[in-house]
């Protein structure tokens, strides 16, 4: 068991993980993993408690094992039902702790990963869905993946299958593809086509809040269900509703 953080430290004393990440030029997630594994000592004493604070002048040593240990950074795909998953006083939660558990890992996940608690640490949701929307959610520990999905210049295609009610003329279909605005901002050109008599396929290059609902309202349609099935080249495939899988090595955002 690691030694406790020294008593009497000022509240502003840095966390050990922050100091380790600065010294070793590693991520905070990696620093936490090294601390948990007992590879970090402070003034000669091993510290294994996450969240421990240290004196800024403390002597911090990191065992060689840390450099030799490959850190797994994971990205996870979750098929969200088209209704709130976890409801409560705070409303719906699209967070990893609520959704990613060993019991709902897709049985056909064929990756090399085996679920570990550290896969949830620093796992960020990249691209939300509204409470009444379902389909592909992406959680990632990789900052580069998060930036490609949610950054200011993110332009990855997002494909949605949309159940609608109402009549849509050929002119209305052309308006959905180009010429509409939301909140006085002109929308980018979209790909819109029929999947069947009650379902449309939307491919968008932007992510405006309730964009599809607003587009459909302007051409006299009512949306009854939205499902995101693809982001970039990564699709839901056969992933069951309410289950998740790891991003495969051959998949890239």
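In my numbering, the protein residues as written are 1 to 253. Where is the CB? At the ideal position from N, CA and C, for every residue including glycine.
Quiz prompt | residue 116 classed as buried or exposed, judged by whether at least 16 other C-beta atoms fall within 10 angstroms | solution = Looking at its Cβ environment, which holds fewer than 16 other Cβ atoms inside 10 Å, residue 116 is exposed.
Self-check item: Rounded straight-line distance, which links the Cα of residue 208 to that of residue 88
Solution: Unreliable positioning characterises residue 88 in this predicted model, as indicated by a pLDDT of 40, which lies under 50. The coordinate reading is nonetheless provided below. If I take the Cα positions, the gap works out to 26 angstroms.
Practice problem: Note down the Cα distance separating residue 200 from residue 179, rounded to an integer number of angstroms. | Solution: 18 angstroms
Quiz item: If we count Cβ pairs, one from each stretch, closer than 8 angstroms, do we get three or more for the segment 230-246 versus the segment 182-191?
Solution: no
Quiz item: Just the Cα atoms here: how many angstroms apart are residue 221 and residue 48?
Solution: Distance between the alpha carbons of residue 221 and residue 48 is about 58 angstroms.
Quiz item: From residue 230 to residue 53, what distance separates their C-alpha atoms?
Solution: 43 angstroms
Self-check item: Three CB pairs or more closer than 8 angstroms across the segment 54-67 and the segment 19-32
Solution: The segment 54-67, when compared against the segment 19-32, does touch it at the 8 angstroms Cβ threshold.
Quiz item: Do you know whose CA, among 184, 205 and 162, lies nearest residue 197's CA?
Solution: The option with the nearest alpha carbon to residue 197 is 162.
Quiz item: Counting only runs that start and end within the segment 163-196, where is the alpha helix (DSSP H) found for 4 or more residues in a row?
Solution: 170-177
Self-check item: Residues of its chain near residue 73, where Cβ-Cβ distance is below 6 angstroms and the 5 sequence neighbours each way are ignored
Solution: 141 and 142
Practice problem: Give every residue of the same chain whose Cβ lies closer than 7 angstroms to the Cβ of residue 212, excluding the five residues on either side of it in the sequence, and list them in chain order. | Solution: 160, 162, 202, 223 and 226
Quiz item: Given a threshold of 16 other Cβ atoms within 10 Å of its Cβ, counted over all protein chains shown, does residue 166 qualify as buried or as exposed?
Solution: exposed
Practice problem: Report buried or exposed for residue 252, applying the criterion of at least 16 other Cβ atoms within 10 angstroms of its Cβ. | Solution: The residue is exposed, with fewer than 16 neighbouring Cβ atoms inside 10 Å.
Exercise. Check residue 112 in the structure and name its three-state DSSP category.
Key: In this structure, residue 112 counts as coil in the three-state DSSP scheme.
Exercise. With DSSP as the reference, please indicate the residues paired to residue 42 in a beta bridge.
Key: 45 and 60
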